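Q:
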Amino acid sequence: MLGSILAKTLRDRRRGLLGWSAGLVGLVALVAAYWPSVRDSPDLQRFVADLPEAVRALVGQADYTTAVGFLAAELFSFMVPLLFVAVAIGMGARAVAAEEERGTIDLLMALPITRRRMLLEKVAAGVLVLVALGLVLLAALLAAAAAGMDLPAGRMAQIALATVLLALPFGALALAIGCASGARGLALGAAAGAAVAAYMVDALGRIVDGLAGWRDLSPFAWYASDEVLAGDGLALWRAALLVGVAAALTAVALVALERRDLGA
Amino acid sequence: MAARARIGDGRGGHPSGMPAPSPPGRPARRRRPGSADPAIALRGLTKRYGRRAALVDVDLDVRRGEVFGFIGPNGAGKTTAIRLLLDLIRPTAGTARVLGLDPRRDGVAVRRRVGYLPGELALYEDLTARELLAYVAALRDGRGRDVEPLAERLALELDRPIRTLSKGSKQKVGLIQAFAHAPELLILDEPTGGLDPLVQHVFAQMLDEARERGQTVFLSSHVLSEVERLADRVGIVRDGRLLVVDDVGALKARLPRRLELRFDGAPPAGAFAGLDGVAAVERDGAHVTLALDGPADAALKAAARYRVLTVASREPDLDDLFLDLLGDGPDARQHPRQDAA
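Respectively, the protein sequence lines represent chains G and B.
Whatever position you read off the first sequence (first residue = 1), add 18 for the numbering used here.
Whatever position you read off the second sequence (first residue = 1), add 59 for the numbering used here.
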């Protein structure tokens with residue numbers, strides 16, 4: 019049953035995956051449940067439309083007249099991407115550093131496996147967990163569509179994929195810090211800090227001219243959930259950039275891990 | 060009055076009255092084919108953490124098929140040396156060869172042929188022992204899958220979650236994962252910690268059988284008397300330095316044995332002075348204690364001239380040597396270091 023590090027890691031994450039999935043489904047259900055009253059309330063729509071441009075930008079253009087626009091503002095401007103990023107950071111920080119802190123690394127790395135194989139199997143497990151979470155998200159969105167929201171399936175699939183990809187560089191960053199330091203808390207804190215900073219740069223960059231240039235550096239800007247939801251599709255360069263940065267950070271993690279004393 | 064006479068003791072070593080043998084030759088061990096290299100060969104092995112030296116310039120050869128005890132107080136560098144052998148950590152200077160291979164370059168090949176019990180054993184607590192051992196075996200390409208016989212011998216319940224096991228039972232899990240694939244080399248860091256006496260006995264049997272099969276065992280401990288029973292040779296380490304390496308018997312032969320005599324009345328002064336084989340004399344009236352560093356013959360003949368009430372002889376305990384070597388007094392450097400053969 020536990021035939022590989024990959025299988026073991028998936029098993030270790032199954033409870034977490036269940037919990038995050040439940041949270042995600044609940045979130046989508048909540049927003050979907052609000053939709054009819056928002057749709058049928060022209061006053062609220064006018065109020066939102068009259069909000070200053072800067073405030074509307076913060077919540078993803080906030081077009082409350084369509085189901086997709088409502089979703090963009092309520093789910094994809096903040097909650098859902100941050101949930102995926104948090105899950106990825108948690109897994110990245112734990113991957114190797116937790117085995118070192120608990121001391122199980124001595125048991126594991128006394129076996130005839132390379133550090134590279136150990137790391138890559140854990141990375142693969144993490145990606146699979148995120149993909150599973152993405153599928154749960156997609157299923158929840160399609161269920162909301164079936165319940166009457168006007169949500170094109172193709173766009174929902176693209177936004178789910180984009181959200182999974184957004185999480186990758188942050189998970190890889192936590193992994194790299196964990197592999198370089200062996201300290202899970204440091205990896206968790208530093209990567210979470212980076213994620214918050216990246217989010218702020220993206221959100222403020224929309225309204226503060228001085229920050230506009232910096233936006234290009236934020237994965238949240240690459241993610242561009244409002245564009246994807248508006249029907250422009252997930253641009254290939256955006257996907258490539260997110261995956262490329264994640265791959266580069268994973269390579270850094272590997273090099274750092276190869277050079278270091280374990281559990282020291 | 061019952062005399063506590065245990066002259067010569069008869070238990071291993073060299074009976075008093077016979078010349079102390081030079082390092083007693085151990086029977087040659089069966090060798091594996093194509094195993095000319097030592098099981099472990101360390102040359103100038105050094106590990107520093109910043110300015111703190113955990114291991115300094117250690118040279119050591121562990122022969123194939125022997126049980127080698129690596130002894131020292133906690134923090135002496137035993138675990139550091141062991142973790143270097145598995146490429147868990149990397150040396151600052153010097154080289155380590157394990158089964159003829161460099162752990163840094165051929166880590167996978169080394170670890171395939173080694174069984175390791177960590178000193179600070181940490182297991183996956185949410186797995187059962189059976190699941191953990193199956194996981195370990197899977198990562199060993201299925202070798203060591205059959206854990207039932209060992210579990211039965213050690214009386215380990217395989218289907219309980221590890222987090223519910225006692226420290227001793229966890230140690231059993233650690234022992235099984237180290238022994239199950241019958242590795243050429245067993246590296247055991249403090250293997251008997253937490254084991255009750257009955258299990259320690261089983262463990263000693265497992266070591267004997269490993270020796271019979273030609274496996275090499277490298278085990279560490281901070282309790283010397285424990286290793287005395289298990290090991291062919293011991294190396295004593297302190298502050299990262301290897302102080303002495305020798306046969307257990309030869310180490311004991313270096314230590315003075317004590318002969319305690321009680322007479323019916325104090326013998327005259329000088330009765331034991333300058334006798335052959337007597338290193339020191341302590342007198343307390345009718346009670347005389349002789350430290351012997353050679354044959355007891357002259358001492359016993361001298362004693363026989365007076366009326367002896369009791370005779371007691373104490374075999375040197377390796378813990379004496381341990382304390383001696385580890386003490387900070389001038390004694391600490393009295394024993395010339397013997398290099399591993």
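Yeah, the Cβ is synthetic: ideal placement off N, Cα and C, and Gly gets one too.
The structure presented is a predicted model; accordingly, all values stated were derived computationally and were not measured.
1. With DSSP as the reference, please indicate the residues paired to K106(B) in a beta bridge.
2. Check the C-beta distance from L146(G) over to L28(G) and give it rounded, since I have them as a contact under 8 Å.
3. Using a Cβ distance threshold of 8 Å, determine whether the segment 106-113 of chain G contacts the segment 45-55 of chain G, with at least three qualifying pairs required.
4. Taking the continuous alpha helix (DSSP H) assigned at K204(B), which residues delimit it?
5. Cutting at 8 Å between CB atoms, please list the residues of its own chain near A257(G), excluding the five before and the five after it.
6. Can you tell me whether R202(G) is helix, strand or coil according to DSSP?
7. By how many angstroms is the C-alpha of L310(B) removed from the C-alpha of A143(G)?
8. Measuring only the C-alpha atoms, how far is I246(B) from V121(B)?
9. Would T27(G) pass as an interface residue toward chain B - the criterion being a Cβ-Cβ separation below 7 Å?
10. Tell me the rounded alpha-carbon separation between T268(G) and L193(G).
11. Could you give the distance in angstroms between the alpha-carbon of G87(G) and the alpha-carbon of A128(G)?
12. Does any residue of chain B have a CB that is nearer than 7 Å to the CB of T122(G)?
13. Please classify G223(G): is it buried, with 16 or more other beta-carbons within 10 angstroms of its beta-carbon, or exposed?
14. Under three-state DSSP, which class holds S228(B)?
15. So, using beta-carbon positions, are E243(B) and R292(B) closer together than 7 Å?
16. Quick check on the burial criterion: 16 or more other C-beta atoms within 10 angstroms. Buried or exposed for A274(G)?
17. If you compare alpha carbons, which of A362(B), Y175(B), L314(B), V169(B) is closest to T132(G)?
18. Listing by chain order, which chain B residues have their CB less than 7 Å from the CB of M127(G)?
19. Is the segment 189-208 of chain G close to the segment 161-178 of chain G, with three or more CB pairs under 8 Å?
20. Buried or exposed for V65(G), please, with buried defined as at least 16 other CB atoms from any protein chain shown within 10 angstroms of its CB.
21. So which residues on chain B does S22(G) lean against when the C-beta distance must stay under 7 Å?
22. Looking only at its own chain, which residues have a Cβ that is under 6 Å from the Cβ of G281(G), when we skip the five neighbours before and after it?
23. Whole-angstrom Cβ separation of I235(B) and L192(B), contact assumed at under 8 Å?
24. Which residue marks the beginning of the beta strand (DSSP E) containing E341(B), and which one marks its end?
25. Along chain B, which residues have their Cβ under 8 Å away from the Cβ of L137(G)?
26. Would you check if the segment 135-144 of chain B and the segment 294-302 of chain B touch, i.e. whether three or more CB-CB distances between them fall below 8 Å?
27. Taking a contact to mean a Cβ-Cβ separation below 7 Å, would you say G196(G) touches V114(G) in this structure?
28. Just the Cα atoms here: how many angstroms apart are P255(B) and L137(G)?
29. Please tell me whether T268(G) has its Cβ less than 7 Å away from any Cβ of chain B.
30. Count the other C-beta atoms from every protein chain shown that fall within 10 angstroms of the C-beta of K15(G), then say buried if there are 16 or more, exposed otherwise.
31. Quick one: Cα of D161(B) to Cα of D96(B), how far?
32. Rounding to the nearest angstrom, what Cα-Cα distance links P99(G) and L235(G) in this structure?
33. Beta-carbon separation of L143(B) and A155(B) under 7 Å?
34. Taking DSSP's pairing of strands, which residues face G128(B) in a bridge?
35. Is there at least one Cβ from chain G nearer than 7 Å to A241(B)'s Cβ?
36. In angstroms with no decimal places, state the Cα-to-Cα distance between A201(G) and G201(B).
A: Inspection of the coordinates gives the following:
1. L114(B)
2. Yes, they are in contact, since the Cβ atoms of L146(G) and L28(G) sit about 6 Å apart, within 8 Å.
3. no
4. Residue identity differs from the one stated: residue 204(B) is Arg in this sequence, not Lys. No alpha helix (DSSP H) holds R204(B); DSSP gives it neither H nor E.
5. L179, A180, L183
6. helix
7. 54 Å
8. 11 Å
9. Among the CB atoms of chain B, none fall inside 7 Å of the CB of T27(G).
10. 7 Å
11. 53 Å
12. yes
13. buried
14. helix
15. no
16. buried
17. V169(B)
18. L147
19. no
20. Per the sequence shown, residue 65(G) should be read as Phe rather than Val. Exposed: under 16 other Cβ atoms inside 10 Å.
21. A197
22. Residues E118, I123 of the same chain have their beta carbon placed closer than 6 Å to that of G281(G), with the five preceding and five following residues left out of the count.
23. 6 Å
24. 337-343
25. Taking a Cβ-Cβ threshold of 8 Å, none of the residues of chain B is close to L137(G); the smallest such distance is about 14 Å.
26. yes
27. Cβ atoms of G196(G) and V114(G): closer than 7 Å.
28. The question names Pro, yet the displayed sequence has Asp at residue 255(B). Each residue's alpha carbon lies about 38 Å from the other.
29. Not an interface residue.
30. Because chain G in this structure spans residues 19 to 282, residue 15(G) falls outside the shown range and cannot be described.
31. 12 Å
32. 17 Å
33. A distance below 7 Å separates the beta carbons of L143(B) and A155(B).
34. L278(B), V293(B)
35. no
36. 32 Å
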